[in-house]
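Novice:
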Amino acid sequence: IVYLALPLGSNSLMEVEWPDAPVAGRFRAQSAEIRDLHSIDGDAHVIDVAQVAPRLMLERDDRSAYAALAIGRILEKRPDGSLVMDPNFIPTMLSVRSALRLQRFVGEMAGLMRERARSIAERVGAPGQGGVADVADFMLLQMLNRAHPRFMHLARLRQLHPERLYEALLELCGELVTFTDEGRLPREYPAYDHDLPEDSFTPLMQVLRQSLSTVLEPRALAIQLQQRQYGLTVAPVQDGQLIQSAEFILAVKADMPLDDLRKQFTQQCKVASVEKIRDLISLQLPGIPLSALPVAPRQLPYHAGFVYFRLDDQSQAWQMLDNASGFAFHVAGSFPGLEMQFWAIRN
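All residue numbers for the sequence shown refer to the working numbering, where the first residue is 5 and numbers rise by one.
#1: At the level of alpha carbons, what is the spacing between E343 and L174?
#2: Examine the ligand PLP and report whether any of its heavy atoms sits within less than 7 Å of the Cβ of P58.
#3: The beta strand (DSSP E) with A240 in it runs from where to where?
#4: For G132, name the three-state secondary structure that DSSP assigns.
#5: May I ask you to report which of helix, strand or coil DSSP gives L180?
#6: Give the DSSP bridge partners of Q231, in chain order.
#7: For Y70, does the three-state DSSP call read helix, strand or coil?
#8: Find out if the Cβ-Cβ distance for the pair F313, K257 is shorter than 8 Å.
#9: If you draw a straight line from the C-alpha of I44 to the C-alpha of V53, how long is it?
#10: Can you give the Cα-Cα distance for L229 and V238, rounded to whole angstroms?
#11: Could you check if V6 is buried or exposed, using at least 16 other CB atoms within 10 Å of its CB as the buried criterion?
#12: Could you check what DSSP says for F310 in three-state terms: helix, strand or coil?
#13: Can you tell me whether K267 is buried or exposed? The criterion is at least 16 other CB atoms within 10 Å of its CB, across all chains shown.
#14: Is it the case that the Cβ atoms of V100 and L164 are separated by a distance below 8 Å?
#15: Closer than 8 Å, CB to CB, is L173 near chain E or not?
#16: Using only the alpha-carbon positions, how far apart do S295 and L315 sit?
#17: Report buried or exposed for M18, applying the criterion of at least 16 other Cβ atoms within 10 angstroms of its Cβ.
#18: Helix, strand or coil: how does DSSP classify P11 here?
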């Protein structure tokens, strides 16, 4: 690391370095022609002025008698003697404007939060989802909508102290891990170090990039139902892994008392894979059992008049779904005004 250093003030050492008496002083004497601006007929005179005399020092040098600011890092020294500096180094500063890496990161965070919030908002209001969304989706959207304007404001400031930015990033890290980390608790982050801000900012930047790039899939997924001939309804499933890793819920509504619907539907509905449903109907074989639920699962929207059934994934008939293209439902009997919704709840 390269430091810009200035000797500390001392009562026992000369503070001004003169041309004929070179010392390691804080100032260097220099002649300057100064005009008298406080007199009517002021003339110009040559006087001696003290000019601050900083010097460059390396990390290995003894800086105990100096006030030093880290300004860069040397990556390598080329054969011709030129130095390659680290473009990502964050120097000691009073304004984030002095560190291009931090300045760009503030804008990057604002953009990532905007895109993430837009993605969640579209998913929450997507057609066919029936207004379903985890509470976590709404809480994350609320947090992003609160943080995004703040970072847009920070990105526009002409002067932004690095500690103020560190505090904003630290707060954002703590809120995001609630949704993106399995432990739900923030890790130990380094304290703010004004002398070496890179050690403070780099861990936060890594966590935020990872958190905002983590894809959060919705727990509940609405599966479209397609009406076919002869009382058949099919629900294609494109993701084969979903069948093995989700709980499936069938929501049913009809113009009849709920207790009658709950009892009769399990007897009149046959559930199987798309490929096996016709065999089960013709051979009068049982399909995947339906278990009536007392209340709607918390991951699904509640609609009055619907009864919710869970497909028994522990039954022997569930094995027919291996390599299946989807589910098929055959409803016998009469259920006036029948409406059905099919949901997958990821484990």
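C-beta atoms are modelled at their ideal positions from N, C-alpha and C, and glycine is treated no differently. Keep in mind the model is a prediction, meaning the values are calculated, not measured.
Specialist: Reading off the structure:
#1: 49 Å
#2: For the ligand PLP, the structure offers nothing, since it holds no ligand at all.
#3: The amino acid occupying residue 240 in the given sequence is Pro; Ala does not appear at that position. Unbroken beta strand (DSSP E) run through P240: L236 to P240.
#4: Bear in mind that a pLDDT of 49 at G132, under 50, signals an unreliable position, so the model cannot answer this.
#5: helix
#6: T237
#7: strand
#8: no
#9: 23 Å
#10: 6 Å
#11: buried
#12: coil
#13: exposed
#14: yes
#15: Note that chain E does not occur in the displayed structure, where there is just one protein chain.
#16: 6 Å
#17: exposed
#18: strand
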